[in-house]
Structure formats: C-alpha cells, structure tokens
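Before any comments, here is the structure.
Chains as they are written, first to last, in my numbering: chain A, 171 to 414; chain B, 2 to 259.
As structure tokens, this is what we get:
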C-alpha cells in the first residue's frame, strides 16, 4: 500500500514536472518547474531503493538524507511563494520571503546541520532508521533532526494556509476553488507531520499517509489550476499546445 | 417548492386531454427528458406549466392559480404600484429617459436616435420603447421597490427560508416563484409582480396594463428620475467593480501559477 502511494506520488509529480518543460523553454514561471523538479527528486530520494543507490554515490554516510532535507526546503519555498503570489496573499508572501521567513529558514537549517554532524551517520539507511537504532544519543539526535526537517515546511504551509482558506470562499471559478481546497488540505497535512513523534509505533503507516497525501494534494491542486486555465481557453495553453 | 406531479397531471388532463407527452413537449418546447425527470421526482417546475399553458393559449398566471400553492394568484388582482412598475425598467432605459428629458429640445430626437437607441423599429417621434422585463437586476430592484424595511424578515418568517439564502437569490437576480409570490403577499402588493420581475411571466400575462411602465416613468419627476438612475448606476458600478476584482484575481492566479 505504502509502496503504491510512494510510486503514484512520484509519477504524478514527475508528470507535472515534465508538463512544465514547454513553459521552461518559454521562460514562463520557471520557478514552478524548479520546485516540481526538486519535489520529484525529493520523492525519489525518500523511496528506499533510489535512496540507497544515491547515498552509495555520496559515500554511504547518509549525506543523501541531509541533501533530501534541503531539496525539500527549496521545493517548498519556491512552490509556496508562487502560490501565495498567485492567490494575492501578501501576508503569506511576507511571511515566506520576509525577514521572519529567512530567519526561520536559517535557524532550522543550522539545527539540521548541527544534528547531522553530531550524529554517527555511517551506514546508509533510508529514514535513518538504522542510524537511530545505534545508541541512545543517536536516537535522540535523529528525532531532533527529523523535527527540524519538518519544521520549515510546516512553517511555510502555515504561512499560506489562511490565503488558501480565503480563496475557497472567494467567488473564483469552481476549479480554482477546488484547487485552493486541495492546497489547503496539503498545507494542513504538512504541519501535522510535526506531531509524528507522538504517533504510536503501531500506527507508523499514518506518517506515510500524511506525507504523501500532502504532496499529492499539492501536485493535483496545481494541476487543477492548469486544467482551469486550459478550460478557460487562454492563449498560452501548455498542455493543450503540446498535445496538438 | 415546485408543483406536485399529481396535481400537474390532473391539470394537464384538463388542458390537453388525450394528448401524448411527446406532442405536448413538441408544442410547448419543454424538453422531454426534463419533463420526464420532473414527473419521476414528483415535482414539476413552474416554468413547465408556464410553457405548456402558453402553447395552449392559456394565461400562465391563471394556470398557476389552479394549483394549491398559487390559488390566491388570480383572486387578488391589485394593480402594480408606480414603484413596482419603475423597478422593472432596465437601467439603460432609465438613463435614456434622463438624456431625453435633459437634452435641449431642438436636438433631443436626432441626438438620441443617433447614439442611444439601437432599436431599429423605434420611430423618430415617440420615446424609444422600453425593453421588456426582466432586466439584469430586476428581482432585487423589485424587492427594494416594495420593501418597507421589514419585508425580508416577514418573508423569511412566513416561508422558513433563511434571510441569507433569500438575499443570495436576489443578488443572483433569481427568486423561486413560490418565494416571489410569498414576497408579494408579505408586502401586500399584486401577487404576480414578482413573477414578472423573475421573468417567469410577461407583464401582459400578469395583467399589467400595456404601457403602464412607460406611464409610471413619465409620472416620475425629473429629480426622482435622476436620483433613481443615480442609484442604479451606483449599484451597477459596484457590481462591475466586484466582477473586475474577481476577474483580476483569476488572472493573477493564471499569471503566476500557469
């Protein structure tokens, strides 16, 4: 089940990235392409097989995991910023790009790196499961490291959530409101991941479900905006133009 | 809210005995699938009755009055008030009237036909014919015209429809026929007025005398006319601005996320 969800998410996100290539060439909203490409890469790295392969290239000391965290930060930054700009949420933009946002990013990144350095990270392991199992100190550090890794996406999502909730009630076209609703669900799911340490071990699948639903909601939400645009018969239709 | 299918069948039997549904649909222009669906659900829309009665040369208001919900439609035939009549004049027509009245007498005729009235049939002399109701904000204007300040509360108390739902219908220039009649009843005006404002029946069908709206317009003083036109323009401006803002927001989403 979890495998299916992972690969589905990867395919959806990969397809969304590919569909942005025409716009990348046209130099139109290129940051969306970068964000989606980073997101796809992040999903790939969070799946066991690809993770082990990439980490082996990077020396087998789980540097790939640290890389994964920063990839996620980058993807979520670009994506959330675009969304906030698109929905005219000036407060959200301020919270992401302004001083508070940069401060949050800086502090969280520092904590992330410090935790990583303090850990004994030898031995490639997706999700750092084996690393945490080594000793008490490592287990604690992995916990903090994980929390830091989830903290920045959570911050950014909370920043754009009010704007999304407002957009749902706005008199926008139905598809755009649906898209705002999906983006809102995604922005709620990601901060929920901060509660993961409280989830009893027996319900571990909940973590995966929350993570991947969040990503799926974001990708499908964005795709709906493109569908709405194509439906409205706008001139630059990336998808329709490619199909013809 | 709509009419019970049983009563409708009984009525239809009286109107067009021994006529197949297919024929009735063809004559009245009601879609067969629509009618079939309404019959299956047991609720027939008022528009269906109106279309069929028109096809069989029956007054739609009288036809509606044969149903229990609308039984008092015919018996109380209060004439429409001037305010009601004027509320059913389109904003453009009001503005045209302002121009005609205020233009210097010499150039009034030629000036207005040159720019304003696009109707090809209008003769040069008389005032250009008013466009028939409903117009873009006819429902809200009608309710405003008969509202004494408490009307909405009374309607919502009488029908159980929440005030915000009622307002939403007015804003969308819609009003369920039953609500329209309930509104007239609560305001103590002619019961068919709301049906005209919603476009369910025509002025003539509701018993408004021909030319009544024009006459009511002519009775308005210059000051009242100008003030009324101003109110309408202000409302129009607000609605247009809101529309533009929504459009802008959609555009911005496309600009940034597509």
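Using N, Cα and C, we set each Cβ at its ideal position, and we do this for glycine too.
Because the structure is a prediction, the values reported are computed rather than measured.
Whole angstroms is fine: what's the gap from residue 25/B's alpha carbon to residue 93/B's?
Going from the Cα of residue 25/B to the Cα of residue 93/B covers about 38 Å.
If I measure Cβ to Cβ from residue 191/B and keep anything under 6 Å in the same chain, skipping five residues before and after, which residues do I get?
Within the same chain, and ignoring the five residues on either side of residue 191/B in sequence, the residues whose Cβ sits closer than 6 Å to its Cβ are 79 and 81.
Helix, strand or coil: which one does DSSP assign to residue 380/A?
Under the three-state reduction of DSSP, residue 380/A is assigned to helix.
Got a sec: is the Cβ-Cβ distance from residue 247/B to anything in chain A below 8 Å?
Contacts with chain A at 8 Å (Cβ-Cβ) include residue 247/B.
Since residue 274/B meets chain A, which of its residues come closer than 7 Å, beta carbon to beta carbon?
Only positions 2 to 259 of chain B appear in this structure, which leaves residue 274/B out of reach.
I'd like to check one pair, residue 174/B with residue 132/B: are the Cβ atoms closer than 8 Å?
At least 8 Å separates the beta-carbon of residue 132/B from that of residue 174/B.
Does any residue of chain B bring its CB to less than 8 Å from the CB of residue 401/A?
Using beta-carbon distances, residue 401/A does not count as an interface residue toward chain B, since no partner is under 8 Å.
By the criterion of Cβ-Cβ separation under 8 Å, what are the contact partners of residue 346/A in chain B?
Think of a sphere of 8 Å around the beta carbon of residue 346/A: the chain B residues whose beta carbon falls inside it are 251 and 254, in chain order.
Helix, strand or coil: how does DSSP classify residue 237/B here?
Here residue 237/B sits in helix by DSSP.
Give the straight-line distance between the Cα atoms of residue 132/A and residue 241/A, rounded to the nearest whole angstrom.
Any property of residue 132/A remains undetermined from this structure, which presents chain A solely from 171 to 414.
CB contact check: residue 202/A to chain B, cutoff 8 Å
Cβ-Cβ to chain B under 8 Å: yes for residue 202/A.
If you follow the alpha helix (DSSP H) that residue 32/B is part of, which residue opens it and which one closes it?
From DSSP, residue 32/B is part of no alpha helix (DSSP H); its letter is neither H nor E.
Which same chain residues, not among the five before or five after residue 66/B, have their C-beta less than 7 Å away from its C-beta?
Here the set comprises 72, 74 and 75.
In or out: residue 312/A buried (at least 16 other Cβ within 10 Å) or exposed?
By the beta-carbon neighbour count (other beta carbons within 10 angstroms, threshold 16), residue 312/A is buried.
With 8 Å as the threshold, decide whether the Cβ of residue 166/B is near any Cβ in chain A.
Proximity of residue 166/B to chain A, defined by a Cβ-Cβ separation below 8 Å, is not satisfied.
In the structure shown, what three-state DSSP assignment does residue 174/B receive?
DSSP places residue 174/B in the coil class of the three-state scheme, outside both helix and strand.
How would you call residue 277/A, buried or exposed, if buried means at least 16 neighbouring beta carbons within 10 angstroms?
Only exposed fits residue 277/A, as fewer than 16 other CB atoms lie within 10 angstroms of its CB.
Okay, do the segment 383-397 of chain A and the segment 8-19 of chain B touch, 3+ Cβ pairs below 8 Å being the bar?
Contact between the segment 383-397 of chain A and the segment 8-19 of chain B is absent, because fewer than three Cβ pairs lie under 8 Å.
Among residues of its own chain, excluding the 5 on either side of residue 309/A, which ones have a beta-carbon nearer than 6 Å to its beta-carbon?
Here residue 309/A has 302 as same chain residues with Cβ atoms under 6 Å from its own Cβ, once five neighbours each way along the sequence are excluded.
Reducing DSSP to helix, strand and coil, say where residue 45/B ends up.
Strand at residue 45/B.
Within-8 Å CB hit, residue 352/A to chain B
At a cut-off of 8 Å between beta-carbon atoms, residue 352/A makes no contact with chain B.
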